[in-house]
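Protein chains in written order, with the working numbering: chain Y, 79 to 351; chain U, 2 to 126.
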């Protein structure tokens, strides 16, 4: 009996211990669960904080790139503007170059000969091809008669071009005063006044007028004058005058020299007879 | 190296056009004083483009164009007319005969250079 109650006590003790063990295990499991939950929570937090930092980093980077892009856009716009400026300037320089080339060729041609008739032909060529005149006359001052006499014409017969006294009409006035004349209406004026110039340019050596270039009609495609035309008129006023004057003197002196030479030859031949 | 034949009786215009053609890279200018002279130059040199005046002595520009177009060897050479004849009917006549372009005088160098460059680049294609 005593032995039996001893077994029962021991079984109770063991049961008690087992229950304690069970509770302890349950408690550990609960704690474990709590810890797992906390770990998950912490992991979530860590991940979240990592995302935020990365987002901040990305945002900063995007802002930097945007700033850089804006600054590049700004620079691109500035370069584009500069390019436009350069293109306009390039065109202007090109035009200026072409105009200078025309003036150079005209002046080169004018001074390429001392033959009077060739100089007149070159003046005609320049006025037709570079100015675009259809009907015009080169009129020179005859110092003996004080009359302006046509020496070369285009689009009209030389006999049709009127002789003019100095100071008379537009041509005479231009020759007297040495100032260019440009009519207000460049077109169609010729229909009503065939010998009334629309442009009259004095041919001057310094202040001395040797004649005029009188234009009566422009080519149909020429509607007005540009800057280079006025430059060409200036060039003609000076260079054509010099070329005409010097070639005329040269031709006259050549003619005189030939006459004197023939006279001398004649004198030399006489004693032989 | 493109060879450009400038057919013009006026020495001033010949020089002016030749001077302008210096702006075309590697271009070589051959000058002729009228249509007959131009035909001689066409037979002796390989020509890539012709710039021709209309009013010329001996043989005018329109006759030159019709002869060039009628010759199987030269018929494809581009021809630009440079002339004082500015009327629309003159332009139409020249184009009908076979000119590729028509430029009335006084010429705008820039315009002439553009045309020449265009025809030369079309040819090299």
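Just so you know, even glycine gets a beta-carbon here, dropped at the ideal spot from N, CA and C.
Same chain, Cβ closer than 6 angstroms to residue 413 of chain Y, neighbours up to 5 away in sequence not counted: Because residue 413 of chain Y is not part of the residues shown, which for chain Y are 79 to 351, the question remains open.
If we cut at 8 angstroms on Cβ distances, does residue 119 of chain U have a partner in chain Y? no
Can we say the region 3-17 of chain U touches the region 25-40 of chain U, given the rule of at least three CB pairs closer than 8 angstroms? yes
Can you pull the chain U residues whose beta carbon is under 8 angstroms from the beta carbon of residue 298 of chain Y, in chain order? 87 and 88
Closer than 8 angstroms by C-beta to residue 316 of chain Y: which residues in its own chain qualify, once you throw out the five before and the five after it? Chain order, please. 282 and 283
Give the C-beta separation of residue 121 of chain U and residue 50 of chain U to the nearest angstrom, bearing in mind that I take them to be a contact with Cβ-Cβ under 8 angstroms. 6 angstroms
Would you identify the three-state DSSP class for residue 244 of chain Y, choosing helix, strand or coil? coil
Inter-stretch contact at 8 angstroms, needing at least 3 Cβ pairs: the region 91-109 of chain U / the region 60-77 of chain U: yes
Roughly how many angstroms separate the alpha carbons of residue 238 of chain Y and residue 80 of chain U, rounded to a whole number? 38 angstroms
Are the Cβ atoms of residue 116 of chain U and residue 21 of chain U separated by less than 8 angstroms? no
Check whether chain U comes within 8 angstroms of residue 318 of chain Y, counting only Cβ atoms and requiring the distance to be less than that. no
Could you tell me the boundaries of the alpha helix (DSSP H) in which residue 117 of chain U lies? 110-125
Output, in chain order, the set of chain U residues within a Cβ distance shorter than 7 angstroms of residue 208 of chain Y. 107
Which residue wins for smallest C-alpha separation from residue 110 of chain U, given the options U:93, U:40 and U:19? U:19
Are the C-beta atoms of residue 176 of chain Y and some chain U residue less than 8 angstroms apart? yes
From residue 142 of chain Y to residue 117 of chain Y, what distance separates their C-alpha atoms? 37 angstroms
For residue 322 of chain Y, go through chain U and note every residue whose CB falls closer than 9 angstroms to its CB, in chain order. The premise fails here: residue 322 of chain Y is roughly 15 angstroms from chain U at the closest Cβ pair, so nothing lies under 9 angstroms.
Please state whether DSSP places residue 56 of chain U in a helix, a strand or coil. coil
So, helix, strand or coil for residue 302 of chain Y, using DSSP? coil
Per DSSP, what kind of secondary structure is residue 189 of chain Y in: helix, strand or coil? coil
Check whether the Cβ of residue 167 of chain Y lies closer than 7 angstroms to any heavy atom of the ligand MN, and answer yes or no. Although the ligand MN was asked about, the structure shown includes no ligands whatsoever.
Residues that residue 33 of chain U bridges to, as DSSP identifies them: U:8
Could I get the ranges of all uninterrupted beta strand (DSSP E) runs contained in the region 46-92 of chain U, with 3 residues as the minimum, in chain order? 50-53 and 80-84
Can you list the residues of chain U that residue 179 of chain Y reaches, using a CB-CB cut of under 8 angstroms? 17, 20, 21 and 110
Considering only the beta carbon of each residue, do residue 177 of chain Y and residue 11 of chain U sit closer than 8 angstroms? no
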